[in-house]
Amino acid sequence: MSTVKLTVNGKAVAVDVEDRTLLVQLLRDHLNLTGTHVGCDTSQCGACVVHMDGKAVKSCTMLAGQADGANITTIEGIAKGDELHPMQAAFRDNHGLQCGYCTPGMIMSAIDIVHRHGGQLDETTVRQELEGNICRCTGYHNIVKAVLDAAGRMKVSQAAE
Amino acid sequence: MGVEGIGARVVRKEDKRFITGKGRYVDDIKLLGMTHAHFIRSPHAHAKVKGIDSSAALKMPGVVAVLTGQQIVDDKVGNLICGWAITSKDGSPMKMGAWPAMAPETVRFVGQAVAVVIADSKNLARDAAEAVVVDYEELPAVADVHAAIKSGAPQLHPEAPGNQVYDWVIGDEGATDAAFAKAANVVKLDVTNNRLAPNAMEPRAAIADYDEAEEHFTLYTTSQNPHVARLVLSAFYNIAPEHKLRVIAPDVGGGFGSKIFIYPEEMVALWASKKVGRPVKWTGDRTEAFLTDAHGRDHVTHAEMAFDANNKITGLKVKTYANFGAYMSLFSSSVPTYLYATLLSGQYNIPAIHAEVVGVYTNTTPVDAYRGAGRPEASYLIERLMETAARQLNVDPAALRRSNFITQFPHQTPVIMAYDTGDFNASLDAAMKAIDYAGFAGRKAKAKTEGKLRGIGVSCYIEACGIAPSKAVGSLGAGVGLWESAEVRVNPVGTIEILTGSHSHGQGHETTFCQLVAERLGVPISQVSIVHGDTDKVQFGMGTYGSRSAAVGLTAILKAMEKMESKAKKIAAHALEASEGDIVIENGEFKVAGTDKAIAFPMVALAAYTAHNLPEGMEPGLKESAFYDPSNFTFPAGAYICELEVDPGTGKTSFVNFVAADDFGRLINPMIVEGQVHGGLVQGIGQALLEHAIYDASGQPVTASFMDYAMPRADDVPSFNLSHTTTLCPGNPLGIKGCGEAGAIGASAAVINAITDAIGKNNLEMPATPDRVWRTIHAA
């Protein structure tokens, strides 16, 4: 057992876990943050994507201990109170989700994609960048639309800040 | 239609919880004292279980129990059933191999459970499973359908000699032979419909909780049809009588058919929770999903189509071998028979059809309904045949289809189905216009100058949805009726709860079903909530599959609404001192037509519950229910055209354009309909280009993770150009046909027709991987 100290969605936490505990297990089983999902166990589907120190990581393929000292943001931590993150709003407005299972990972990856590419996003880039996130419901059409829509909204909200 | 009524693109009510991480899936649920199950699964495709030594595992920390297949047999838990009886052409019933929830003596596919470890945590259960020693005696195995029916092949079940489940026929053989005898041309085609893994993104999971004092079970499970699960678990598996078993299917992360069936894992969890006296949770991992979720498709078919001298189809002969895997899953028997062969007429006038389907056991994962279920296999076969015929007869493929379209409705096909309505020319026109079919030759020539092989492929599909008229399916062997139920509960303050037997696992019922209420009453959808997925709340229901929820489930809601409105109008008329016949419902008010006298709907509801001033003899309350049994299947149809380029140097396919023109009858929410089509198209494209569940000759699965089974990813597929043509379904009052499976049914033929057009060679099997396409291009 080890104590892992980290910040999750702005709150400092210290969790005693078995050394083999994965980050996703710490989030789901110990902190009850069940918005982060497991879809494949092999780092392929991206349902488990969270942000570690601002970058997208697959939480099913890293040990909780590797996140010691890190700042983790999950799907539960991106809205500001009742105000949705622009990416969340864009997924809803563009019908970018159906069963919702891949959605948290998609949204977390998509935010990272927009951050990395800024205003340089086009459909081809979005499709290539989403390579690590699998959705079985939407056929990606509306997810791609949502990401492009959110990229515009995020630029506007950044400019306003 | 109003801003939230029928036909409005209403943003989904259910989305907020999903986009904020507040969805509630089975694995998100924790119960006090909950244990965790880990199954011990066979690594062999076929073997005798000689012994199981769990002594070391039982001594490990946190281990509660190790339970085996023999114990489940000893406790008289029933074998898994197949709910649709098929009769062979010789009159004999289909041959059912016994399928216990865990194998006591013989395992017949890799992944079949032989025992389960119950422990305090998932990791401890997994650790202990490593310490359980199972002594197997390997037996010869067979995975391929043709190898399985050869004499001398390894035999799976003593009940099924020659590994044959059934040999079933449909149609008029004499008339078909006569058509072929007179044919001017005969077109022949051999086609394999590749085996697919359904891969809903949420792996299956179950939590079973036994209450000893009440002798009552609660099961949380990833189900598309919780009431059917309860019925089967009660009536056939002897878990508990229905009133002592509550099944809850909360948020479910996709199904595509794979979550219709009642699997061994939930049976074992229920049985084990009583045995250990604590709740038992099992959550599958992705490899378990590949090994144990019912697969789809897996047909090998030879077909011949006869034409007269005017290129009119005169007959169709089909022989299909369907691989069922090691056991007959819940609805598997119906898929290559009544859901496949009954659609072999496609969109065409075919006077004579004869089809024979041989069902075969192999040492592979069981095969059952997967999005489209039989109809994709039929549509793929017919549309590949039409394309092959056009090439052989040297006519334009669109023109050949057009000259054979059914144009008069209703149309009785030679294979049971009576198409009620449609306009196949309209959808083909719309698709050809959208893709600029006329300009294709110029684009192909230009691509050639750039070193690319460009192709175009048409696919005109038809399917049977709105499953299904109970009497009709009963006469064909179904063990259940396929109606749907609904209940409308109006609360005293006028808010409304709609209870439905349909189940939403991505389809958006919480929004579309509310839109019907908004349309009829003029109340905002925020005043309405949809209740589903819990056998304690909803009395009964048949669940969601076969594109049935709008055509059947929503019609049941409409019927219940009509009853509720009728009573409410009587209350309003009484309050307004008017005649019931003069009351109209507008914008949330009950009005006396042509006057300014009105009473708001919440006041009507309140009057129903205060009961201070109701019409003489009327019962208080405002709650009505209905069961709706459809009179016929519905027949969505459409035309898909795919334009793509093949790089002759690599065999890689790149999409240029993909257009879909569908006729789904009335659309409730076009945004959601388009989403259903997008998703279906990508599953069809996935089958055509990427996906294949592969076994080696010994029955070892080669594709058991996302690292070796190619799921379609965002950069594998294009954006789509969708449109709709409309003929209203005459079979239900809303005119709905259903849209859930169309994409998966029509897309794969369009893709393969386009690739074979591009490369100028007709024979190409799915999935058309770059390697396979390159070899076909360069084959002598």
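Chains as they are written, first to last, in the working numbering: chain E, 209 to 369; chain U, 1019 to 1798. We put the CB at the ideal spot given by N, CA and C, even for glycine.
query                                                                                                                                                                            : result
Just checking: is the beta-carbon of residue 324 of chain E within a distance shorter than 7 Å of some beta-carbon in chain U?                                                   : no
In the DSSP assignment, what are the bridge partners of residue 1472 of chain U?                                                                                                 : U:1663
Can you tell which of U:1734, U:1615, U:1341, U:1792 has the C-alpha that lies nearest to the C-alpha of residue 1667 of chain U?                                                : U:1792
Answer with yes or no whether the minimum CB distance from residue 1162 of chain U to chain E is below 7 Å.                                                                      : no
State the DSSP-derived secondary structure class of residue 1555 of chain U, mapped to helix, strand or coil.                                                                    : coil
Flag this pair as touching only if the stretch 1771-1780 of chain U and the stretch 1475-1482 of chain U have three or more C-beta atom pairs under 8 Å; answer yes or no.       : yes
In the DSSP output, which residue or residues are listed as bridge partners for residue 1543 of chain U?                                                                         : DSSP lists no partner for residue 1543 of chain U.
Straight-line CA distance for residue 1354 of chain U to residue 1431 of chain U?                                                                                                : 18 Å
Alpha carbon to alpha carbon, what distance is there between residue 1351 of chain U and residue 1004 of chain U?                                                                : The structure shown does not extend to residue 1004 of chain U, since chain U spans only 1019 to 1798, so no value can be given for it.
In three-state terms, what does DSSP make of residue 1225 of chain U?                                                                                                            : strand
Does chain E have any CB closer than 7 Å to the CB of residue 1784 of chain U?                                                                                                   : no
Here's the rule: buried if 16 or more other CB atoms are within 10 angstroms of the residue's CB, otherwise exposed. What is residue 209 of chain E?                             : exposed
So residue 1046 of chain U contacts chain E; which residues on that side make the cut at Cβ distance below 7 Å?                                                                  : 242
Hey, residue 1423 of chain U and residue 1324 of chain U are a contact pair by Cβ (cut 8 Å); roughly how many whole angstroms apart?                                             : Contact flag wrong, Cβ pair sits at about 18 Å.
Report yes or no: is there a C-beta of chain U within less than 7 Å of the C-beta of residue 345 of chain E?                                                                     : yes
Residues in the same chain with beta-carbon distance under 6 Å from residue 333 of chain E, minus the five sequence neighbours each way, listed in chain order, please.          : none
What are the residues that DSSP puts in a beta bridge with residue 1195 of chain U?                                                                                              : Bridge partners of residue 1195 of chain U: none, in fact.
Could you tell me the distance, in whole angstroms, from the CA atom of residue 1083 of chain U to the CA atom of residue 1091 of chain U?                                       : 17 Å
Below 7 Å between beta carbons: does that hold for residue 1055 of chain U and residue 1298 of chain U?                                                                          : yes
Of all the residues that make up the stretch 263-282 of chain E, which are near chain U by a beta-carbon distance shorter than 8 Å?                                              : 282
Which residue from U:1543, U:1269, U:1173 puts its Cα closest to that of residue 1045 of chain U?                                                                                : U:1269
Answer yes or no: do residue 327 of chain E and residue 363 of chain E have a C-beta to C-beta separation smaller than 7 Å?                                                      : yes
Quick check on the DSSP output: the alpha helix (DSSP H) that includes residue 1577 of chain U runs from which residue to which?                                                 : 1573-1594
Which residues in the same chain have their Cβ closer than 7 Å to the Cβ of residue 1151 of chain U, if we skip the five residues on either side of it in sequence?              : 1071
What number of angstroms, rounded off, separates the C-alpha of residue 1400 of chain U from the C-alpha of residue 1524 of chain U?                                             : 30 Å
Going by C-alpha distance, which of E:254, E:231, E:292 is nearest residue 340 of chain E?                                                                                       : E:254
If you reduce the DSSP assignment to three classes, tell me which class residue 1429 of chain U lands in.                                                                        : strand
For residue 1465 of chain U, which residues of its own chain have a beta-carbon under 8 Å away from its beta-carbon, when the five flanking residues on both sides are left out? : 1471, 1472, 1663
For the alpha helix (DSSP H) holding residue 1627 of chain U, just list the boundary residues, first then last.                                                                  : 1619-1628
Closer than 8 Å is the cut-off here; do at least three beta carbon pairs connect the stretch 1288-1307 of chain U with the stretch 1160-1168 of chain U?                         : no
With respect to the beta strand (DSSP E) encompassing residue 1681 of chain U, which residues constitute its N-terminal and C-terminal limits?                                   : 1671-1681
Any contact between the stretch 345-358 of chain E and the stretch 1734-1750 of chain U? By contact I mean 3 or more CB pairs, one from each, below 8 Å.                         : yes
Below 7 Å between beta carbons: does that hold for residue 1503 of chain U and residue 1519 of chain U?                                                                          : yes
Can you pull out the residues from the stretch 215-229 of chain E whose beta carbon lies closer than 8 Å to at least one beta carbon of chain U?                                 : 226, 228
Within its chain, find whatever has a CB closer than 6 Å to the CB of residue 1538 of chain U; leave out the 5 residues flanking it on each side and keep chain order.           : 1579
So, with DSSP's three-state summary, where would you put residue 1616 of chain U?                                                                                                : strand
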